[in-house]
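Under numbering that gives the first Met the number 0, the first residue of the sequence shown is numbered 0, with each subsequent residue one higher.
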Amino acid sequence: MSQGTLYGREPVAILFAVMAVIQVAIAFGLSISAEQLGLLNVALAAIFSVITRSQVSPV
0 MSQGTLYGRE PVAILFAVMA VIQVAIAFGL SISAEQLGLL NVALAAIFSV
50 ITRSQVSPV
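What follows is the structure in structure tokens.
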């Protein structure tokens, strides 16, 4: 794994791909509230922020 990537991909790109899949699922009928969606987005952003930081910070 090279520095700055997660499974050969940018962690931020993975984050936005996951968020896009969630948005498509909602468009096709996944029933979650706006508050739940906001919480999910914040949680994913926090998780991927930690992953990104661990990939780009020097040892």
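Note that CB positions come from ideal geometry on N, CA and C, so glycine has one too. Computed from a prediction, not measured in an experiment: that's the story for all the values here.
Checklist entry - At which residues does the alpha helix (DSSP H) containing Ser30 begin and terminate? => result Unbroken run through Ser30: none, as it is neither H nor E.
Item to check | Gln54 versus Gln22 - alpha carbon distance | outcome: 27 Å
Checklist entry - How big is the Cα-Cα spacing for Val49 and Phe27? => result One alpha carbon belongs to Val49, the other to Phe27, and they sit about 31 Å apart.
Checklist entry - Helix, strand or coil for Pro57 per DSSP? => result Pro57 falls in the coil class under three-state DSSP.
Checklist entry - Excluding the five sequence neighbours on either side, which residues of its own chain have a C-beta within less than 6 Å of the C-beta of Met0, listed in chain order? => result Caution is warranted here: a pLDDT of 48 is assigned to Met0, below 50, making its placement in the model unreliable, and no coordinate value can be reported.
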